Amino acid sequence: MSRWSATQLAGEETGLDELSVKPHERLADWLAEDMAAVNVLIRARMTSEHAPRIPEVTAHLVEAGGKRLRPMLTLAAARLCGYDGPFHVHLAATVEFIHTATLLHDDVVDESERRRGRPTANLLWDNKSSVLVGDYLFARSFQLMVETGSLRVLDILANASAVIAEGEVLQLTAAQDLATDERIYLQIVRGKTAALFSAATEAGGVVAGAPDPWVLALRDYGDALGIAFQIVDDLLDYGGSSAAIGKNTGDDFRERKVTLPVIKAVAQADAAERAFWVRVIETGRQDEGDLAQALAIMARHGAMDAARADALAWAAKARAALQGLPDHPLRSMLDDLADYVVARVS
């Protein structure tokens, strides 16, 4: 009996409403055995015989918590499609290594000091260690991909890795540029976030030998879910607690990132408001109270509400993509997960 089945039975006996459990927690419960295997594999592959700093830096981030949402998406996609082999575990570990590598690199680029509520690796060690350990994890991820013996899976995840890097470079060039519009923003988000979500779900379907329509549906689900997820993350930076987002509230503003709430506010700005955005984003001259003023301008133009409406629309697209997949408890959890991703911001 799976842990989730036991939880369901306990809920029936105690009157506990299973809907009170968050979707990602239900997913984690259902996939507990698979995730345990993933964690064992991650710990085994993040070791290094000659460079002890590699497991030190990796463990600091990998074992800091986090929902492990991306590897769970791979496991869920494979199980939803009836897979009972071993390689979904390899792919889930691959996805987590790619994600961890990008986080290590991102924190160097952004000069971040907090990640998942803890000091960043680049702050505790140094930038060189973070970059090189990130490179090591990318290499490890490709070793894991190859072990599946599937060229199609290798193609999906290799392409995703390239798209992620491309998205990060695009964000770097678009940062601090108020000419960045919603089209460019979406391209950045598809690269830096949605590419790995969609690769995670698509690879799970492929390793399970699912028919092409199912694989396409899983890819579309991951893409839309990833976009909704990133929009909400950008919203939380202006309205969430530090504990909820695992970094300091307002970091995007201080780092002068042009995210969707800013784009929407700039599009409706009058001359005085535009001068404000030019000063704080393009020129980089920020004074005390500027974050509060940015929030007031966004509220005046409904920028946060409009961005949340976009996130809701992408969540709806994610749910619609699932309709062609088999009826399964995991499909219901993935459906609920799309709603939950947006519900993180009110």
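Numbering of the sequence shown is given in this note's numbering, commencing with residue 140 and proceeding in unit increments. For each residue, glycine too, the CB sits at the ideal point set by N, CA and C. Bear in mind that the values here come from a model prediction, so they are computed numbers and not experimental data.
Rounded to the nearest angstrom, what separates residue i and residue j at their Cα positions?
i: residue 226; j: residue 338; result: 15 Å
i: residue 322; j: residue 398; result: 12 Å
i: residue 197; j: residue 167; result: 22 Å
i: residue 362; j: residue 477; result: 11 Å
i: residue 224; j: residue 265; result: 40 Å
i: residue 367; j: residue 309; result: 19 Å
i: residue 239; j: residue 333; result: 15 Å
i: residue 411; j: residue 331; result: 33 Å
i: residue 435; j: residue 324; result: 22 Å
i: residue 420; j: residue 413; result: 10 Å
i: residue 222; j: residue 178; result: 19 Å
i: residue 395; j: residue 299; result: 26 Å
i: residue 359; j: residue 425; result: 40 Å
i: residue 171; j: residue 228; result: 12 Å
i: residue 287; j: residue 345; result: 11 Å
i: residue 474; j: residue 295; result: 23 Å
i: residue 250; j: residue 281; result: 27 Å
i: residue 446; j: residue 371; result: 8 Å
i: residue 271; j: residue 247; result: 11 Å
i: residue 237; j: residue 276; result: 7 Å
i: residue 320; j: residue 289; result: 38 Å
i: residue 273; j: residue 409; result: 43 Å
i: residue 349; j: residue 329; result: 24 Å
i: residue 267; j: residue 243; result: 10 Å
i: residue 190; j: residue 269; result: 13 Å
i: residue 438; j: residue 401; result: 11 Å
i: residue 416; j: residue 317; result: 8 Å
i: residue 252; j: residue 403; result: 28 Å
i: residue 468; j: residue 430; result: 43 Å
i: residue 307; j: residue 364; result: 19 Å
i: residue 245; j: residue 347; result: 32 Å
i: residue 466; j: residue 297; result: 31 Å
i: residue 479; j: residue 378; result: 17 Å
i: residue 202; j: residue 218; result: 25 Å
i: residue 165; j: residue 351; result: 27 Å
i: residue 422; j: residue 405; result: 15 Å
i: residue 291; j: residue 354; result: 12 Å
How far does the alpha helix (DSSP H) with residue i in it reach, from first residue to last?
i: residue 225; result: Element bounds for residue 225: n/a, residue is neither H nor E.
i: residue 403; result: 399–406
i: residue 440; result: 429–440
i: residue 163; result: 162–169
i: residue 212; result: 208–219
i: residue 391; result: 390–393
i: residue 472; result: 468–482
i: residue 197; result: 192–201
i: residue 412; result: 410–416
Would residue i and residue j be called neighbours here (beta carbons separated by less than 8 Å)?
i: residue 231; j: residue 258; result: no
i: residue 433; j: residue 392; result: yes
i: residue 461; j: residue 356; result: yes
i: residue 235; j: residue 193; result: no
i: residue 470; j: residue 464; result: yes
i: residue 390; j: residue 373; result: no
i: residue 169; j: residue 472; result: yes
i: residue 340; j: residue 216; result: yes
Is residue i near the ligand HEM, in the sense that its beta carbon is under 7 Å from a heavy atom of that ligand?
i: residue 461; result: Because no ligand of any kind appears in the structure shown, any question about the ligand HEM cannot be addressed here.
Mind reading off the beta-carbon distance from residue i to residue j? Whole number of angstroms is fine, and I expect it under 8 Å.
i: residue 481; j: residue 454; result: 5 Å
i: residue 278; j: residue 200; result: With 8 Å as the limit, residue 278 and residue 200 do not qualify as a contact, their Cβ atoms being about 17 Å apart.
i: residue 342; j: residue 213; result: 6 Å
i: residue 567; j: residue 174; result: Given a span of 140 to 485 for the chain in the structure shown, any question on residue 567 remains unanswerable.
i: residue 233; j: residue 283; result: 4 Å
i: residue 293; j: residue 302; result: Going by Cβ atoms, the distance from residue 293 to residue 302 rounds to 15 Å, so no, they are not a contact pair.
Would residue i count as contacting chain D if we go by Cβ distances under 8 Å?
i: residue 310; result: No chain D is part of this structure, which consists of one protein chain only.
**Prompt:** Which full runs of the alpha helix (DSSP H) of 4+ residues lie inside the segment 260–296, going along the chain?
**Reply:** 260–263 and 266–286
**Item:** 4-residue-minimum alpha helix (DSSP H) runs that sit fully inside the segment 283–358, ordered along the chain
**Value:** 290–313, 321–328 and 334–346
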